[in-house]
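Heads up: the structure comes next, in structure tokens.
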């Protein structure tokens, strides 16, 4: 299983991966067309000439960036933004990193799905917590939601483990307060919080 690569700082990531400001292109070429009319009237119409953009093969730097993107993505779980950031961090230009990620052909939904299962190995997240962590890792809202919707995760069990963890640090906490904390602070659904509290110490809960 590929390990999950989390981003060091969302602000730095966004700044590094912002699309470059395009350089101004050349002014359009125009042709003056004179329409012949009555002797006293002369009309001139200007129309821009559009030349088709030439199709050029990728540059050497782009080919290198694409190959490196494949290598990185083969042994760690990346979002598109995270992979772009990793390439830039290795010295690839912003333009080449963006080109490589765009041409990698990766299914980022599946990467998000793999990432959520990896997260579940070392967190006790609710759905809301998973969404938050995936988005902090650079996945889009849609990709993160896809992962949450398709992941085989028992969130009731996550709520139970979170309840034990809270109870260990909050001595003598009332079960009603614990339930509220699971819902309001950790994002579990009411039915998940109810199940967790009822199954912590079954003999102690009416």
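Numbering (mature numbering (1 follows the signal peptide of the UniProt record, and there is no 0)), first residue to last: -23 to -1, 1 to 183.
Each residue gets a CB set at the ideal place from its N, CA and C atoms; glycine is no exception.
6 Å CB neighbourhood of residue i in its chain, flanking five on each side removed
i	result
residue 106	164
residue 91	54
residue 138	101
residue 63	49
For residue i, the three-state DSSP class (helix, strand or coil)
i	result
residue 151	coil
residue 166	coil
Distance, residue j Cα to residue i Cα
i	j	result
residue 79	residue 47	12 Å
residue 56	residue 96	14 Å
residue 38	residue 119	31 Å
residue 58	residue 74	10 Å
residue 133	residue 42	43 Å
residue 104	residue 125	6 Å
residue 177	residue 111	29 Å
residue 148	residue 171	19 Å
residue 146	residue 140	10 Å
residue 173	residue 113	27 Å
residue 66	residue 160	39 Å
residue 169	residue 69	46 Å
residue 117	residue 85	9 Å
residue 76	residue 121	23 Å
residue 166	residue 72	43 Å
Residues near residue i by beta carbon distance below 7 Å, same chain, minus five either side
i	result
residue 158	143
residue 128	90, 93, 94
residue 88	54, 55, 56
residue 83	50
residue 109	none
Extent of the continuous alpha helix (DSSP H) run through residue i
i	result
residue 136	132 to 146
Please give me, in chain order, every unbroken run of the alpha helix (DSSP H) with length at least 4 that falls completely inside the stretch 53 to 127.
57 to 66, 71 to 79, 85 to 96, 104 to 113, 118 to 127
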